[in-house]
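Undergrad: Sequential numbering of the sequence shown, starting at -18, is according to my numbering. For every residue, glycine included, the Cβ atom is placed at its ideal position computed from N, Cα and C.
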Amino acid sequence: MPAPDVIVVGLGAMGSAAAWQLARRGRRVLGFDRFSPPHTMGSTHGRSRIIREAYFEHPGYVPLLRRAYECWAQLEQESGRRLLRQTGGLMAGPESGVLFTGARRSALEHGLPHEVLTAAEIRRRFPGFTPPDDTVGLLEPRAGMLWPEGCVEAALELARGAGAELRTGEAVTSWRADGDGVSVTSAGGTHRAPRLILSAGPWMPSLLGARGRALQVERQLFHWFAAARNAEMFRPERCPVAVWEYAPDRIFATQPDAGDGLKAGIHHEGETTDPEHVRREPTAEDESAMRRLVERYMPDAAGRVLEARVCLYTNTPDHHFLIDVHPDHPQVILASPCSGHGFKFASVIGEILADLATEGHSRFDLSPFALSRLGNVF
Ligand SMILES: Cc1cc2nc3c(=O)[nH]c(=O)nc-3n(C[C@H](O)[C@H](O)[C@H](O)COP(=O)(O)OP(=O)(O)OC[C@H]3O[C@@H](n4cnc5c(N)ncnc54)[C@H](O)[C@@H]3O)c2cc1C
């Protein structure tokens, strides 16, 4: 391969999408991954991810989401795979809580189709759900589930098909920016390119040295439950994806049973760790914390646990994303600390990274994701 235009380090959710977007523009891409994505060691395993649009985290994400849906459709079309299933999405909690107020604000500011349901209406519409009486839910029709392993595979296949050289099982051990390019070293040698994208997920702190100090990796769990009764109520045709605020600012999410059980996960509340030392085995305490919530909000779903998995979040201090050029080296682009809510955006983040690498700018306002907001931590 002639000298690459862009080196991509990390070919998970963000890096695979960036490699695809660059390769389809005719750019020469050299990509590295320490494993062979999709794999179970980082942040992108577990067979499903929620996509939703009435974004409680901030209305500023909605334009990105609109483009993300378009880019997922493009990936489906180019790969011939089905990657997204719309089930509708319910954001439910106390009326004054962060989840409902944030989702409603996004829906109203951006004119998103939605309905507001009382607790009684939620129980009637979705008989598997038994929320407390003070619950209010925002139901949005376009939400649903993405298949993350399929998305990564599709993006990598298309990138390879368009000429990208993607080396798996080959970790990058160091990188250096000099002049107007970068040198990247792996077991296979040292490689030069004008641009570098660092999208190493939970390994970002180790690649960023002192500048990665603000990032924290967090241990997270998924559990898949067999229904105890009325399994049909939890099938995707009858059950939306749901995000629940079960105590002030404390959230868990559920996804319908697409053939392998109802999936549930608590958002945050995990221990700080790193990918080398994380306790990768789920424990009985992990299961009972999850079971308590499933029993309370959908008791018929709380049968035996079919499977549990540990996964990793890479958090910024404010839980918004980090997508920016490196403050000292404009030829180096940083992405992927997505604080546990980034997968749905991977398709558009891939496009943004490709724009930054080729045009030097993005049409989206990336200031909320800038390093500088983290103050002198960076
Ligand atoms: C439990 C859980 C539930 C989640 N639920 C949702 C959800 O419902 N909806 C949603 O939108 N998001 C969700 N997320 C978040 C989302 O999955 C992540 O934001 C996203 O997958 C992160 O992708 P990434 O590319 O940054 O990391 P990864 O996919 O982990 O990719 C990083 C890659 O870099 C490689 N790498 C690391 N170091 C090196 C190196 N030195 N050299 C070469 N390669 C290297 C790794 O092997 C890895 O493949 C969830 C995350 C978890 C853990």
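Would you check if the distance between the CB atom of ARG200 and the CB atom of GLY27 is smaller than 7 Å?
TA: Counting from 1 along the sequence shown, the entry for residue 200 is found at position 219. Counting from 1 along the sequence shown, the entry for residue 27 is found at position 46. Result no, Cβ atoms of ARG200 and GLY27 do not sit closer than 7 Å.
Undergrad: Could you say which of PRO298, PRO318, VAL222 and SER17 lies nearest to ILE304 if we only look at CA atoms?
TA: Here residue 304 corresponds to residue number 323 of the sequence shown, with the count starting at 1. Ranking the options by Cα distance to ILE304, first place goes to PRO318.
Undergrad: Report yes if the C-beta of LYS244 is less than 6 Å from at least one heavy atom of ligand 1; otherwise report no.
TA: Walking along the sequence shown from the start, residue 244 turns up at place 263. No, the beta carbon of LYS244 sits no closer than 6 Å to any heavy atom of ligand 1.
Undergrad: For VAL(-10), which of helix, strand or coil comes out of DSSP?
TA: For the purposes of this step, residue -10 is taken as residue 9 along the sequence shown, with counting starting at 1. Of the three classes helix, strand and coil, the one that applies to VAL(-10) here is strand, per DSSP.
Undergrad: Any chance the CB of ARG30 is under 6 Å from a heavy atom of ligand 1?
TA: Taking the sequence shown and counting its residues from 1, the one referred to as residue 30 is at position 49. The answer is yes for ARG30.
Undergrad: With distances taken from CA atoms, which of PRO112, LEU189 and PRO(-17) is nearest PHE233?
TA: By one-based count along the sequence shown, residue 233 stands at place 252. Ranking PRO112, LEU189 and PRO(-17) by Cα distance to PHE233 puts PRO112 first.
Undergrad: Please determine whether the Cβ atom of TYR294 lies at a distance below 6 Å from any heavy atom of ligand 1.
TA: Stepping through the sequence shown from its first residue, residue 294 is reached at position 313. For ligand 1, at least one heavy atom lies less than 6 Å from the Cβ of TYR294.
Undergrad: Among ILE103, ASP267, GLY61 and ALA143, which one has its Cα closest to the Cα of TRP1?
TA: On the sequence shown, position 20 is the one that residue 1 refers to. Looking at the Cα atoms, ALA143 is the closest of the given residues.
Undergrad: For GLU226, which residues does DSSP report across the bridge?
TA: Position 245 of the sequence shown, counted from the first residue, corresponds to residue 226. Answer is ILE232.
Undergrad: Under the three-state reduction of DSSP, which class applies to PHE107: helix, strand or coil?
TA: The residue labelled residue 107 in the question sits at position 126 within the sequence shown. Here PHE107 sits in coil by DSSP.
Undergrad: Based on Cα-Cα distance, which residue from VAL275, PRO237 and PRO221 lies nearest to ILE247?
TA: In the sequence shown, residue 247 corresponds to position 266, counting from 1. Answer by Cα proximity: VAL275.
Undergrad: If you count every other CB in all the chains shown that lies within 10 Å of the CB of SER24, and 16 or more means buried, which is it?
TA: On the sequence shown, position 43 is the one that residue 24 refers to. Flag for SER24 reads buried.
Undergrad: By DSSP, does MET279 sit in helix, in strand, or in coil?
TA: One-based indexing of the sequence shown puts residue 279 at position 298. Three-state DSSP puts MET279 in coil, outside helix and strand.
Undergrad: Report the residue from TYR36, GLY(-7), ALA4 and PRO44 whose alpha carbon sits nearest the alpha carbon of HIS20.
TA: For the purposes of this step, residue 20 is taken as the residue at position 39 of the sequence shown. Looking at the Cα atoms, GLY(-7) is the closest of the given residues.
Undergrad: How about ALA124 and GLY69: do their beta carbons lie closer than 7 Å?
TA: Mapped onto the sequence shown, residue 124 falls at position 143. Mapped onto the sequence shown, residue 69 falls at position 88. Cβ distance < 7 Å, so ALA124 and GLY69 count as in contact.
Undergrad: State the start and end residues of the unbroken alpha helix (DSSP H) segment that holds THR339.
TA: For the purposes of this step, residue 339 is identified with residue 358 of the sequence shown, where counting begins at 1. Run containing THR339: 327 to 339, per the alpha helix (DSSP H) assignment.
Undergrad: Is SER164 close to ligand 1? I mean its beta-carbon at under 6 Å from any heavy atom of the ligand.
TA: Indexing the sequence shown from 1 puts residue 164 at position 183. No - ligand 1 has no heavy atom lying nearer than 6 Å to the Cβ of SER164.
Undergrad: Would the beta-carbon of LEU127 fall within 7 Å of that of LEU65?
TA: Here residue 127 corresponds to residue number 146 of the sequence shown, with the count starting at 1. Here residue 65 corresponds to residue number 84 of the sequence shown, with the count starting at 1. In contact: LEU127 and LEU65 (Cβ atoms closer than 7 Å).
Undergrad: Does the separation of the CB atoms of GLY12 and LEU177 fall below 7 Å?
TA: The residue you call residue 12 lines up with position 31 of the sequence shown. The residue you call residue 177 lines up with position 196 of the sequence shown. Against a cut-off of 7 Å, the Cβ pair of LEU177 and GLY12 comes out as no contact.
Undergrad: Thinking C-beta only, is ALA282 closer than 7 Å to PHE206?
TA: Indexing the sequence shown from 1 puts residue 206 at position 225. Indexing the sequence shown from 1 puts residue 282 at position 301. Yes.
Undergrad: Using only the alpha-carbon positions, how far apart do ILE103 and MET185 sit?
TA: The count along the sequence shown starts at 1 and reaches residue 103 at position 122. The count along the sequence shown starts at 1 and reaches residue 185 at position 204. ILE103 and MET185: Cα-Cα distance of roughly 41 Å.
Undergrad: Hey, would you say the C-beta of GLY(-7) is under 6 Å away from at least one heavy atom of ligand 1?
TA: One-based indexing of the sequence shown puts residue -7 at position 12. Within the cutoff, so yes.
Undergrad: Quick check on DSSP: helix, strand or coil for GLN55?
TA: Taking the first residue of the sequence shown as 1, we reach residue 55 at position 74. Correct three-state label for GLN55: helix.
Undergrad: For the candidate residues ARG261, GLY331 and LEU355, whose alpha-carbon lies nearest to that of ARG48?
TA: Here residue 48 refers to the residue found at position 67 when the sequence shown is read from its first residue. It is GLY331.
Undergrad: So ALA135 packs on VAL10, CB below 8 Å; how close in whole Å?
TA: Numbered from its first residue, the sequence shown carries residue 135 at position 154. Numbered from its first residue, the sequence shown carries residue 10 at position 29. With 8 Å as the limit, ALA135 and VAL10 do not qualify as a contact, their Cβ atoms being about 16 Å apart.
Undergrad: Report back the beta-carbon spacing between THR171 and ASP14 to the nearest angstrom; my notes put them in contact at under 8 Å.
TA: Numbered from 1 along the sequence shown, position 190 holds the residue referred to as residue 171. Numbered from 1 along the sequence shown, position 33 holds the residue referred to as residue 14. The Cβ separation is near 18 Å, so there is no contact.
Undergrad: Could you check the C-alpha separation between ASP336 and ILE(-12) for me, to the nearest Å?
TA: Taking the sequence shown and counting its residues from 1, one reaches residue 336 at position 355. Taking the sequence shown and counting its residues from 1, one reaches residue -12 at position 7. Going by the C-alpha atoms only, they are around 14 Å apart.
Undergrad: Per DSSP, ASN211 forms a beta bridge with which residues?
TA: Here residue 211 refers to the residue found at position 230 of the sequence shown. DSSP output for ASN211 lists no bridge partner at all.
Undergrad: For ASP114, does the three-state DSSP call read helix, strand or coil?
TA: For the purposes of this step, residue 114 is taken as residue 133 along the sequence shown, with counting starting at 1. Looking at ASP114 - three-state DSSP - the assignment turns out to be coil, as it is neither helix nor strand.
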